[in-house]
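When we follow full-length UniProt numbering, the leftmost residue of the sequence shown carries the number 1, and every step to the right adds one.
Heads up, the beta-carbon is just placed ideally off N, CA and C, and yes, glycines get one too.
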Amino acid sequence: MNCPYCATPIQVDNDGIVQEACEFCGGRIRKQQTGMLQICQNGERFEFTKMKQHIFLEYINQSVEELKQYHTYDLYLLLKEVREARSQTYYGLQLLNKASKTERTLQATANETGGEYEYYTRKAWVLENILLERQGFFPEKITARVLQYMREQIQKS
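In structure tokens form, the structure reads like this:
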């Protein structure tokens, strides 16, 4: 068993209790939120955050703390989905606002769509701020090329 950060062997006492922090780098051996061991073995790197198989727009309903547990790549995918939903809602809102000028019955639908637009805007802010906190920036635009580059870098690591 080795430290997940520097791969220094971890000390285990006679009772089988693992040390709390690495003696070399000071890295935590257990995950703070869960107490689960974070160790690497056989010369392989520890996978701190596992990537999800699929990302769905519904994931944005999770709390900030839950979203912070996501892999950065997954946050990029989710932000891309939220931005697309926000954009589609915006175009629908524009059409409804134009139509409601002549057809007053559409005003309630336009108001509801405006609420959806604000919802997606705020959810995008949440994801952008998590990325800002994590990596010091968030992407202005998430393209297939950006995602491909990230996948390549993840595979190399």
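Under the three-state reduction of DSSP, ASN42 is assigned to coil, being neither helix nor strand. In terms of CA proximity to GLY114, LEU96 leads the group TYR149, ASP13, LEU96, GLN33.
Where LEU106 is concerned, there is no enclosing alpha helix (DSSP H), because DSSP gives it neither an H nor an E. Taken in chain order, the complete alpha helix (DSSP H) segments of 4 or more residues contained in the region 27-97 are 64-67. Taking a contact to require three or more Cβ pairs closer than 8 Å, the region 50-58 and the region 66-83 qualify as touching. The beta carbon of GLN38 lies closer than 8 Å to those of PRO4, ARG28, ILE29, ARG30, LYS31, PHE46, PHE48 in the same chain, with the five residues before and after it left out.
Relative to GLU44, the option among CYS6, GLY16, GLU20, GLY35 whose CA is nearest is CYS6.
Contact between ARG151 and THR72 is ruled out by a C-beta separation of about 12 Å, above the 8 Å threshold. In terms of Cβ geometry, ALA110 and SER100 form a close pair [threshold 8 Å].
Under the DSSP assignment, GLU152 falls in the alpha helix (DSSP H) whose first and last residues are 144-156. By the criterion of a C-beta distance shorter than 7 Å, TYR90 is surrounded in its chain by TYR117, once the five residues flanking it on both sides are discounted. Between ILE17 and LEU67, the CB-CB gap reaches or exceeds 8 Å.
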